[in-house]
Every structure is written in C-alpha cells, then in structure tokens.
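One gets our numbering by counting positions in the sequence shown from 1 and adding 2 to each. Note that CB positions come from ideal geometry on N, CA and C, so glycine has one too. What follows is a short report on a single structure.
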Amino acid sequence: MDLTIRSGYLLSAPQGIQVVLGRTNDMPPSQRPFRPTCSRPFNSEATRELVTATLVYFLGCKKLQEETGYLKVKIINHQEVCSDRGPPFHHHRCDASTASADDLQEGCHGNPELVQRHQQPSLFTDSTPSSCQLRRLMCFTMFTRLGLYLLALFSPTRGDTIHHRTYFYVGGNYSITDNGEHIYTNQIYVEKLTPAQVTQPYPIVFVHGQAQTATNWLNKPDGQPGWASYFLDKGYECYLFDQPFRGRSPWQSFSEPLETYSAEHLQRYFTAPERYELWPQASLHTQWPGTGVMRDPIFDSYYASAVPFVSDNVLQQTAMRDAGAALLDRIGRPVILIAHSQGGTMAWLLADQRSNLVHSIVSIEPGGPPFSNAMFGNTSARAYGLTDIPIAYSPPVSDPSTDFSTTILPSNSSILADCIIQADDPPARQLAKLSKIPVLLVTTEASYHAQYDWCTVRFLQQAGVQAEHMQLSEIGIHGNGHMVFLEENSDEVAAVIHDRIGQSDVDGKAEL
3 MDLTIRSGYL LSAPQGIQVV LGRTNDMPPS QRPFRPTCSR PFNSEATREL
53 VTATLVYFLG CKKLQEETGY LKVKIINHQE VCSDRGPPFH HHRCDASTAS
103 ADDLQEGCHG NPELVQRHQQ PSLFTDSTPS SCQLRRLMCF TMFTRLGLYL
153 LALFSPTRGD TIHHRTYFYV GGNYSITDNG EHIYTNQIYV EKLTPAQVTQ
203 PYPIVFVHGQ AQTATNWLNK PDGQPGWASY FLDKGYECYL FDQPFRGRSP
253 WQSFSEPLET YSAEHLQRYF TAPERYELWP QASLHTQWPG TGVMRDPIFD
303 SYYASAVPFV SDNVLQQTAM RDAGAALLDR IGRPVILIAH SQGGTMAWLL
353 ADQRSNLVHS IVSIEPGGPP FSNAMFGNTS ARAYGLTDIP IAYSPPVSDP
403 STDFSTTILP SNSSILADCI IQADDPPARQ LAKLSKIPVL LVTTEASYHA
453 QYDWCTVRFL QQAGVQAEHM QLSEIGIHGN GHMVFLEENS DEVAAVIHDR
503 IGQSDVDGKA EL
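Structure representation (structure tokens):
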C-alpha cells in the first residue's frame with residue numbers, strides 16, 4: 003500500500019482512501035480539506051485504534067499523544083454513499099469528523115507541506131448538518147471496505163510495526179498407513195511477515211531450536227516484542243516456521259515418540275544457570291527477565307511455549323532438510339538464515355541443499371561442538387562433524403566412521419573445552435557448498451556454548467567456510483545466556499546482527 007505523507011494535515015493513499023490528520027480549525031478555510039460538520043467520536047474503539055495505528059506508522063511517529071482536534075477518514079470518489087432516507091444512492095453527500103489525534107509533537111519525518119486543499123466529500127454519515135452522528139457507520143459497504151482494506155494489508159505487532167501476514171504449508175509427502183490408506187507427513191507450517199515497506203534486499207528465514215516453535219521469534223515471555231518484530235521494523239521480509247513434528251507442523255502417532263524438557267532442565271541450562279554453576283561462565287548470567295525458575299510468571303510463560311520434540315536426530319534432520327529446501331525453492335531468491343541452537347544444524351543442511359538460495363547465515367550458538375557432546379555426557383555425536391546426516395564434503399564422505407581423520411586441539415584454558423577437528427594429514431575435507439556463504443557465529447557471555455563455540459568456528463574455517471566468531475562479551479554486551487533472543491537486552495543483540503547483515507559487497511554477498 004503506497005501511502006505517502008504530503009502534509010501535516012493530509013495523508014493520501016491509492017484506491018480512493020484519504021486520511022486527514024490535524025486540527026482543521028487551525029487551518030485557513032481555503033486550505034481545509036473539507037468543512038467539519040460534527041465532532042462525534044467513532045462508536046467503535048477498535049476502528050479508531052486501527053486508523054490511528056496506520057497513521058502512526060506512515061507518519062513515521064513513535065506514538066500519538068493525548069487526543070484532541072479532528073481525525074477524518076474519507077472515501078473519495080465513491081459512487082455509493084450513505085443516506086438516512088433509505089438505501090445508499092449515488093452522489094449523496096456524507097461527511098463527518100471524529101474527536102481523536104492531537105499533535106504528533108516530535109518524531110514525524112519532514113516539514114508539513116500543504117498539497118491538497120479540497121476533495122468532493124463522501125463520508126459515513128448523512129448529509130443533514132442537524133443529524134451530526136455516525137449513524138452511517140452502519141453503512142457496511144463503505145465502512146467494511148475501509149476496515150478490511152486496512153486490516154488485510156497491515157497487522158500491528160510491535161508499536162509502530164505494521165505488516166501483512168500470511169501462512170502456508172510446504173514440503174512433505176504421502177505415507178501409507180497400516181490399513182493401506184494415505185496421509186500427508188513431514189510438512190512444515192510457515193508464516194510470512196511482510197512489512198508495509200520492504201527496504202532490505204534479502205528476506206530473513208528464522209530457524210528455531212529444540213523444543214521451540216516459530217512463536218518464540220514473535221514475542222518474548224515477558225510480553226515484549228521479539229526478533230521478528232525487530233527485523234520487520236528494519237524492513238526485512240520475514241519467514242518463520244515450525245520444524246517437522248513440532249507445533250503446527252503435524253506429528254503422526256506412528257512417528258517416533260516425543261520427548262519434553264523438564265522445567266528443571268530449562269532452569270539449569272537456559273533461564274537460571276547462575277543458580278547451578280554447571281560451567282565456569284554460568285555465574286555471569288544476568289539478562290533473563292524475572293527469577294528464571296518455576297512459578298515465576300515469566301518463566302512459566304516461557305515454559306508454556308516449550309513443545310515436545312522428536313529425539314531421533316537423523317529423522318528430524320532429514321525431514322527438516324527436505325522441507326526447508328522446499329521452502330527456499332518457494333521463496334525463490336537468496337535469504338539470510340538466522341538460526342538458533344539445534345536450528346543451527348538445520349541451517350548447515352539447508353545451505354548445503356540450496357547454496358544458491360542462501361545469502362548468509364547467522365548462527366546463534368549452533369548445535370556442537372564437532373563430533374562430540376562436550377556438555378551433555380561427553381559422548382560421540384554428529385558423525386559428519388556438525389550434522390548427523392550426510393552433508394557434501396570434498397572429497398566425499400561415504401563412511402564417516404572411517405573417512406574422517408581427526409585430532410584433538412587443546413584449549414589451553416580452564417574455562418574452554420578441548421576441540422576435536424579434522425587432522426591436517428590427509429588434508430581436511432572441505433564443506434564445498436558452504437564455502438561461498440558467509441557465516442557469523444554468535445556466542446553469548448554466560449551460556450554453556452561459551453566453552454566450545456570456538457571449536458565449531460575452527461572446524462568451519464578448517465573446512466573452507468567463511469566463518470567469523472562474534473563473542474558478545476568482546477563487543478560490550480554482557481550477561482546473556484543461551485536464550486539470548488528472549489532476554490532483556492535482545493534488541494541490543496539484534497542491532498549488532500542487523501548492522502552486520504546489512505553490509506553487502508559488490509557481488510551482493512554479505513560481508514559478515
């Protein structure tokens with residue numbers, strides 16, 4: 003909707019919608035868009051809020067202050083208008099004003115400039131000055147067209163974030179049940195959020211982690227807007243999905259059984275690690291809102307959003323790889339992947355499957371470290387280095403148990419874990435399809451990932467990937483844990499990511 007601001011009093015739009023904002027009595031009569039005939043308020047608070055939200059966004063203002071003056075909504079050149087003498091008929095004058103919107107004070111862009119002086123009025127009330135009331139709000143033809151027009155195009159989520167929302171399912175396949183009938187499986191639910199004005203060249207695809215869904219990108223458990231809203235504000239088209247077998251992406255009863263994280267697990271590793279000190283950096287955690295433990299309302303809100311998940315990594319990664327590739331095909335142009343935790347593993351697989359459709363990857367504490375579980379049992383894991391299923395290496399890997407030659411790289415630090423990487427002899431295999439995709443790996447100060455993300459970066463670099471390690475503590479951002487995008491300073495972290503992914507070289511590749 004290409005709305006443009008033409009004056010401090012007038013907001014014009016295509017398709018015959020005009021919104022006049024300002025105290026028209028302060029304007030010279032010759033400059034008033036039309037003469038106000040009444041000042042009754044809308045009898046629908048929702049309608050007033052909808053129009054106000056639209057004005058706030060397109061005027062570039064953070065908020066409207068106390069309400070005085072006039073706010074007028076007008077349908078221009080509409081053939082059907084309202085009458086109190088029967089059904090709507092042609093060319094009957096209808097006009098009204100409503101008490102709302104005061105000074106915009108500071109925050110509006112540019113200086114007011116009068117552009118439009120008068121239009122043939124046709125509003126929602128009858129034409130009789132004595133019957134100055136919005137009885138013709140019941141004129142559903144015109145009212146509904148205005149309301150649905152605004153609602154269909156924009157849905158406010160974060161203060162001044164107005165966007166268009168759609169959803170769809172992608173990927174999946176037919177499976178045969180025990181009784182010989184067919185059902186559809188392995189598909190994923192996707193939301194597409196498009197800001198009113200897309201200003202960024204590459205969409206963002208958010209990839210959530212274990213026990214999470216796309217909802218965790220929308221809002222934080224303390225009720226504040228999440229990263230989806232932040233990046234919508236910055237002009238990015240955003241895609242969010244639920245991984246297969248998770249949330250709104252169906253799980254079939256004959257699939258693998260589901261597991262659930264306990265509240266105690268979340269407390270220990272995500273929301274209150276400073277209480278347990280299971281790793282050296284845990285005591286530095288300060289950014290989770292609230293106490294981070296059971297029965298704290300913010301923790302309970304977060305835990306309520308956690309969902310059961312399939313613990314079979316091979317099954318999960320295979321289904322996500324295929325459905326994610328189908329999503330990238332549907333988008334049809336290069337995207338930025340922002341992935342978290344277990345979602346980081348999925349980002350490697352998606353980039354491997356569709357390297358031509360991945361512009362860059364921001365991986366927030368991805369699953370790792372290579373070949374092992376450093377935190378949860380110190381056992382072998384991720385047979386292909388960073389994944390449990392095949393990913394393209396050069397030379398190819400046919401049997402990971404024999405084809406990889408590995409070595410242990412000591413950390414030489416009491417607060418860092420040792421690292422398993424490929425040996426130098428024979429030369430390390432290269433992640434051929436990831437080599438041209440810039441990667442920014444982000445590690446927080448207090449997470450258990452602070453022990454070993456350095457190893458994941460070293461493994462990627464050794465395999466030919468353009469990987470850079472951003473440690474938040476080194477750029478002055480302190481106190482965050484593994485769920486950084488849900489914590490109090492999440493916007494500060496999002497800002498540094500936005501600054502990095504917004505930089506592009508002449509070839510259109512991000513200089514992360």
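{"Asked": "To the nearest angstrom, report how far apart P429 and C457 are at their CA atoms.", "Found": "18 Å"}
{"Asked": "Could you check what DSSP says for T458 in three-state terms: helix, strand or coil?", "Found": "helix"}
{"Asked": "Just reading off the beta strand (DSSP E) that E193 is part of, what are its end residues?", "Found": "H184 to P197"}
{"Asked": "So, is G249 buried or exposed, given that buried needs 16 or more other C-beta atoms within 10 angstroms?", "Found": "buried"}
{"Asked": "Kindly identify the DSSP beta-bridge partner or partners of G173.", "Found": "Q189"}
{"Asked": "Report the partner residues of R431 according to the DSSP bridge assignment.", "Found": "The partner list for R431 (beta bridge, DSSP) is empty, contrary to what the question assumes."}
{"Asked": "Taking 8 Å as the limit between beta carbons, can you name the residues of its chain near V467, skipping five residues before and five after?", "Found": "L433, L436, S437, I439 and V441"}
{"Asked": "In or out: L268 buried (at least 16 other Cβ within 10 Å) or exposed?", "Found": "buried"}
{"Asked": "Looking only at its chain, what residues have a beta carbon closer than 7 Å to the beta carbon of D501, apart from the 5 residues adjacent to it on each side?", "Found": "none"}
{"Asked": "Taking the alpha helix (DSSP H) that Q355 falls in, what are its first and last residues?", "Found": "Q344 to Q355"}
{"Asked": "With G173 and L339 assumed to form a contact (beta carbons below 8 Å), what rounded beta-carbon distance in angstroms separates them?", "Found": "Not really, about 16 Å apart at Cβ, beyond 8 Å."}
{"Asked": "Within its chain, find whatever has a CB closer than 8 Å to the CB of L351; leave out the 5 residues flanking it on each side and keep chain order.", "Found": "Q319, M322, R323, G326, T389, I391 and I393"}
{"Asked": "Looking at the structure shown, is I499 part of a helix, part of a strand, or coil, going by DSSP?", "Found": "helix"}
{"Asked": "Nearest to T168 by alpha carbon, out of F243, Y204 and T404?", "Found": "F243"}
{"Asked": "Could I get the ranges of all uninterrupted beta strand (DSSP E) runs contained in the region 362-438, with 3 residues as the minimum, in chain order?", "Found": "408-411 and 421-424"}
{"Asked": "According to DSSP, what are the bridge partners of I206?", "Found": "C240 and I338"}
{"Asked": "So, with DSSP's three-state summary, where would you put E489?", "Found": "coil"}
{"Asked": "When the distance is taken between beta carbons, is S365 closer than 9 Å to F373?", "Found": "no"}
{"Asked": "Quick check on the burial criterion: 16 or more other C-beta atoms within 10 angstroms. Buried or exposed for Q254?", "Found": "exposed"}
{"Asked": "Do T187 and S177 have their C-beta atoms within less than 9 Å of each other?", "Found": "yes"}
{"Asked": "Does the Cβ-Cβ distance between F311 and A496 come in under 9 Å?", "Found": "no"}
{"Asked": "At a cut-off of 8 Å, is D405 close to the ligand PLP when judged by its beta-carbon and the heavy atoms of the ligand?", "Found": "This structure lacks the ligand PLP; in fact it carries no ligand of any kind."}
{"Asked": "How is V309 classed by DSSP in three states: helix, strand or coil?", "Found": "coil"}
{"Asked": "What are the residues that DSSP puts in a beta bridge with N221?", "Found": "P227"}
{"Asked": "Within its chain, find whatever has a CB closer than 7 Å to the CB of V459; leave out the 5 residues flanking it on each side and keep chain order.", "Found": "L443, A469 and H471"}
{"Asked": "If you drop the 5 nearest sequence neighbours on each side, which residues of the same chain put their C-beta closer than 6 Å to that of G346?", "Found": "S365, P368 and G369"}
{"Asked": "How far does the alpha helix (DSSP H) with E266 in it reach, from first residue to last?", "Found": "A265 to L268"}
{"Asked": "Roughly how many angstroms separate the alpha carbons of N175 and H184, rounded to a whole number?", "Found": "10 Å"}
{"Asked": "With C-beta atoms as the reference, is I417 less than 9 Å away from Q453?", "Found": "yes"}
{"Asked": "Got a sec, what are the start and stop residues for the alpha helix (DSSP H) L330 sits in?", "Found": "N315 to I333"}
{"Asked": "Tell me the rounded alpha-carbon separation between V360 and H342.", "Found": "16 Å"}
{"Asked": "How many angstroms separate the CA atom of K222 from the CA atom of I477?", "Found": "24 Å"}
{"Asked": "Quickly, what does DSSP pair I178 with across the bridge? List them, please.", "Found": "H184"}
{"Asked": "List the DSSP bridge partners of Q473.", "Found": "T445"}
{"Asked": "Label R335 either buried or exposed according to how many other C-beta atoms from any shown protein chain fall within 10 Å of its C-beta, with 16 as the threshold for buried.", "Found": "exposed"}
{"Asked": "Among all the DSSP beta bridges, which residues are the ones paired with L260?", "Found": "V312"}
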